[in-house]
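Chains as they are written, first to last, in the working numbering: chain A, 24 to 317; chain B, 24 to 317; chain C, 24 to 317; chain D, 24 to 317.
For each residue, glycine too, the CB sits at the ideal point set by N, CA and C.
One structure below.
4 protein chains.
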Amino acid sequence: MELNGVEIEDTFAEAFSLKMARVVITAANKRWAMVAAKEATGFGTSVIGCPAEAGIECLVPSDKTPDGRPGVAIIMCHPKKDGVKDQLLGRLGQCILPAPTTASFNGLETEEKLSIKLQFFGDGFQYETEVGGRKVWGIPMMEGDFIFEENYGVQKGVAGGNFFILAKNQMAALTAAENAVDAIYDVEGTITPFPGGIVASGSKVGSQYKFLMASANEKYCPTLKNKVEGTSIPKEVESVYEIVINGLDEESVKQATKIGIEASVKIPGVVKITAGNYGGDLGQYKINLHEILG
Amino acid sequence: MELNGVEIEDTFAEAFSLKMARVVITAANKRWAMVAAKEATGFGTSVIGCPAEAGIECLVPSDKTPDGRPGVAIIMCHPKKDGVKDQLLGRLGQCILPAPTTASFNGLETEEKLSIKLQFFGDGFQYETEVGGRKVWGIPMMEGDFIFEENYGVQKGVAGGNFFILAKNQMAALTAAENAVDAIYDVEGTITPFPGGIVASGSKVGSQYKFLMASANEKYCPTLKNKVEGTSIPKEVESVYEIVINGLDEESVKQATKIGIEASVKIPGVVKITAGNYGGDLGQYKINLHEILG
Amino acid sequence: MELNGVEIEDTFAEAFSLKMARVVITAANKRWAMVAAKEATGFGTSVIGCPAEAGIECLVPSDKTPDGRPGVAIIMCHPKKDGVKDQLLGRLGQCILPAPTTASFNGLETEEKLSIKLQFFGDGFQYETEVGGRKVWGIPMMEGDFIFEENYGVQKGVAGGNFFILAKNQMAALTAAENAVDAIYDVEGTITPFPGGIVASGSKVGSQYKFLMASANEKYCPTLKNKVEGTSIPKEVESVYEIVINGLDEESVKQATKIGIEASVKIPGVVKITAGNYGGDLGQYKINLHEILG
Amino acid sequence: MELNGVEIEDTFAEAFSLKMARVVITAANKRWAMVAAKEATGFGTSVIGCPAEAGIECLVPSDKTPDGRPGVAIIMCHPKKDGVKDQLLGRLGQCILPAPTTASFNGLETEEKLSIKLQFFGDGFQYETEVGGRKVWGIPMMEGDFIFEENYGVQKGVAGGNFFILAKNQMAALTAAENAVDAIYDVEGTITPFPGGIVASGSKVGSQYKFLMASANEKYCPTLKNKVEGTSIPKEVESVYEIVINGLDEESVKQATKIGIEASVKIPGVVKITAGNYGGDLGQYKINLHEILG
């Protein structure tokens, strides 16, 4: 299969389930909502080594937020529900509550809710009130009062959706990856948790070292293409980037994969798109490239 | 004392010591160095609830970096040396190694070094090489080879330097705070670890709840000024922001405090500058406002 | 009338007609489309002293552009059709054609078209081709081939829609103005041509100097409120910003005015909203604040 | 000659003289100074088709500006002194005076000065005052008072310094160009006036059309390399970008050329650097690549 002259390998991405919450941060303006969202989602690329996987989903316009101010939606992911709760407590308490002009609202309507008790920061001066039809806490602080919704929905989502961009040159691969991330940004319910949305270091499970559960995938390392047997790197390829996608459901991850691939093949120098899997035995979800692009 | 017509209270900021490391991240261009630095320093405002305190110190121009590419210096802080080591391993491994085009170098010449063993990610294909006169690892990855220095200096630094900006209006206070952070950005060896460099929620030690070791400082809450006894909020003040400064030594924190205050009093509507302390019994450092501005 | 506790004066904005064109600039990614759009719309605040009024209307997602790449729509305005043509020739030729990876397409389906003959830059090597069902020119250049649509629609639009934000403090007024501009950005068919979308220097027609056709409106100058008779500045107001809106039709300017006012009154410290007019004798359009907000 | 493995052609850039002024714009913070500077320098790439060549030189820290606020220095260029004066009047009056919180100061100490009479905008309410030891005008406006220095230095500068980046792929060429511009930004006294600092459309003097004085240089068009005789495009090159540099003197343009080339050869995929000239008969300045890099 070819798209814009670029080969699309007949393979699939293998994805896993994680528990996910979605928080809508509002602020006096877009800029401050974004500053808070970036702090709250930092150190959040992969649960292999970060306390959570986290990212910015989208801007939420004023007429869609509970308090009528500009907003940013973030998604936080963890293997366990309690892990999501811990991370919400830590990241909302340390990165949103102290951020200028922000408020924090639940962004996921699920039956089950996690109760995040930041109100006690008010040390007795906190009060219950209503904003946009929601019961919230008002917590007096130095800047004024912080508005905070206590209960956050949590659900099973899909993590580790992915595709690889192989290109003739590192800068072509990188620009294509950047373009893919830009495009995916418009797909509701998805995040690309790595730095700038891009992974420079796609890995395999395991390593020759007992203590290391993931390591560089040498078959996808361009500088090893003449040194390892069975390399997956075509002759003309000098660089590969991976896009990793987490989403609230399988459909949104599929849509993001499709949109992302379509955006990346527009960049001159991209020669092939493929995806990462473990033979299909580990993950619950298989996202077939030809199927979603067909 | 007055500065640009703004009252400077005769008081001091009380600061503490934390262990600090400094990492120089380089990349193909400034933008990608910055993207990686932001991811690596996120979820890093206060060790009360974050795994580290972390922030961007400054841009490092190409002619000052080991590999001659544009760089960004970040500082990571933790109460214990082992904590700094854990955080370097996690944040370099999960936020810098996977970020497009980056390399990672030690930015602190101290005798003691922390060994961060990311090279094993290479799964046997890693190799030793030299860049800019430094012994580094080359780790083959999907994008190409990741260059990584293994040993990072660590030293005692000064954390929790601070001042408060009291203004007639929330937006005046916020713009003054923003301006202070912009100015402090130019002071070598310092970071402002909170979101956008600003704290909206200055706290006191302890609370009425046993489980909560820090809570809103009600004497500095403008919306409580008529409700609590002994409020520190003048009649005309409607909002307060705090700037928190960590630095590699006391001198740099003093300099940042001075520069930050001078920048904030330029904003119309600011009426008073003060600082936070605990009577001087808890912290090792006392930064007297009148002294540094005198 | 009050909105969020802010007085809305019972008055109207007086607006004028200008000829307008709309260009869709695409590029390899959003960032470069935006860089080109900013250069092309610079020095374009008011036809009183600039060669055109120009601004960025909105981002155009890949699936809405002729070449399937990310885009930015800009609007250019001039009193005369020939003026629009001159400005398109100059700004497309000098700011879009030389910008990295860009292409330029007509963004306005009108019967009348202006023919902009940039193809001759190809010096005989230009060729006709088709992109997204449109007849376009391909012009070989250093970076590769520049794709350019020759004919651009032009129509009568509405310029000078406006409202004033009066606040207790300059930073409150400015943040409110910034927030208004952010919100208006989402209204299709409109631009806010001043720097950052904001006017610090609202003017009146004429002056005491023969050579000067517009000057500061002293009745709206806060620092003159105790010096001029008939000041329009309430006692508690220290700063005023004006938002000027140009749009492709009256409806879009009304919508932008409404959205902008709603966003600005959310900022603490704003005390009054009003609008600028010349008694209704000069402009073709009257945009009544109470009517659009009612 | 080779630099980082990239061939540097033994040739020179031919540059011309233009008259130049330098303005220091200050504002409440860096961000607003930058917004104003961008508006004021827009539509300013080449005097062939723009009213001026203009660009942002650098940030000016608070302790180096007359009013102690953050600043941005811009440079404006025109073949004639009167042209510089017209452009200062237009661009300061329409893009700086109306921009939020800005002030405007002369940034060039020359004997000859251009008098820019914006003070009349005050319509009689303007007043003389002193800021940072300079005589300035205070002009009451809606936001508060605008501070404006009337007299601006003007001098002969060097325009059209340049080099070309030839790469295997468009994205490699573009990233290298971007990196060069980033690096040049740190060279005092220089600007790169094109969009994002980069020229996609390097031209030759003249064309086959009488009415067109500059056209695409077909010998540097990669898509024509097999169609024109005497192409300058090596077999493996698919894209070329040009960096154009204007500076206050020859030395600064040389330094910027050197720094820019050194930054661009760091990007993988760049294969050759050369420069544009007209045989040396047209321009006053010859900037020899081997000499400055030697």
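Could you please give me the residues that DSSP links to residue i through a beta bridge?
{"i": "V276/D", "result": "In DSSP, V276/D forms no bridge with anything."}
{"i": "Q178/D", "result": "M43/D"}
{"i": "R157/B", "result": "V154/B"}
{"i": "K136/B", "result": "G176/B"}
{"i": "V260/B", "result": "Paired residue(s): none; V260/B is not in a bridge."}
{"i": "T213/A", "result": "G270/A"}
{"i": "I282/D", "result": "Answer is none; I282/D lacks a bridge partner."}
{"i": "A190/B", "result": "S262/B, V293/B"}
{"i": "N129/A", "result": "V46/A"}
{"i": "A239/A", "result": "S226/A"}
{"i": "L26/D", "result": "V29/D"}
{"i": "N311/D", "result": "F35/D"}
Can you grab the Cα-Cα spacing for the pair residue i / residue j, in whole Å?
{"i": "A239/D", "j": "C118/C", "result": "15 Å"}
{"i": "N300/A", "j": "E172/C", "result": "44 Å"}
{"i": "N269/A", "j": "L115/B", "result": "22 Å"}
{"i": "E265/C", "j": "G176/B", "result": "53 Å"}
{"i": "T280/D", "j": "N185/D", "result": "7 Å"}
{"i": "A200/A", "j": "S287/A", "result": "6 Å"}
{"i": "K248/D", "j": "V46/C", "result": "31 Å"}
{"i": "A60/D", "j": "A237/D", "result": "29 Å"}
{"i": "A298/A", "j": "E32/A", "result": "8 Å"}
{"i": "A63/A", "j": "R54/A", "result": "14 Å"}
{"i": "S230/D", "j": "Q178/D", "result": "32 Å"}
{"i": "S275/D", "j": "P216/D", "result": "15 Å"}
{"i": "K42/D", "j": "L120/C", "result": "26 Å"}
{"i": "I162/B", "j": "G113/C", "result": "50 Å"}
{"i": "I79/A", "j": "G220/A", "result": "10 Å"}
{"i": "S226/C", "j": "F234/C", "result": "15 Å"}
{"i": "V210/A", "j": "P93/C", "result": "15 Å"}
{"i": "Q142/A", "j": "F128/B", "result": "42 Å"}
{"i": "F187/B", "j": "N27/C", "result": "29 Å"}
{"i": "V267/C", "j": "Y208/C", "result": "13 Å"}
{"i": "A206/A", "j": "L197/A", "result": "14 Å"}
{"i": "S69/D", "j": "I290/C", "result": "42 Å"}
{"i": "S138/A", "j": "D109/A", "result": "10 Å"}
{"i": "D304/C", "j": "V228/C", "result": "12 Å"}
So, are the CB atoms of residue i and residue j less than 8 Å apart?
{"i": "V294/D", "j": "E30/D", "result": "yes"}
{"i": "G67/D", "j": "G65/C", "result": "yes"}
{"i": "T88/B", "j": "D168/A", "result": "no"}
{"i": "G292/A", "j": "A190/A", "result": "yes"}
{"i": "G306/C", "j": "G183/C", "result": "yes"}
{"i": "G180/C", "j": "D272/C", "result": "yes"}
{"i": "A51/A", "j": "T152/A", "result": "no"}
{"i": "M194/A", "j": "A195/D", "result": "yes"}
{"i": "A126/C", "j": "D86/C", "result": "no"}
{"i": "E132/D", "j": "A223/C", "result": "no"}
{"i": "A122/C", "j": "V58/C", "result": "yes"}
{"i": "A56/C", "j": "L111/C", "result": "no"}
{"i": "I98/D", "j": "I282/D", "result": "no"}
{"i": "V251/D", "j": "E241/D", "result": "yes"}
*For the 8 Å Cβ check, are there 3 or more pairs between the region 141 to 149 of chain B and the region 65 to 77 of chain B?*
no
*Should the region 102 to 117 of chain A be called in touch with the region 249 to 259 of chain A, which here means at least 3 C-beta pairs below 8 Å?*
no
*What are the complete beta strand (DSSP E) segments, minimum 3 residues, inside the region 63 to 115 of chain B?*
Every beta strand (DSSP E) of 3 residues or more that sits fully in the region 63 to 115 of chain B is shown, in chain order, as 76 to 83, 94 to 101.
_Under 8 Å: do the region 304 to 314 of chain C and the region 36 to 46 of chain C share three or more Cβ pairs, one atom per stretch?_
yes
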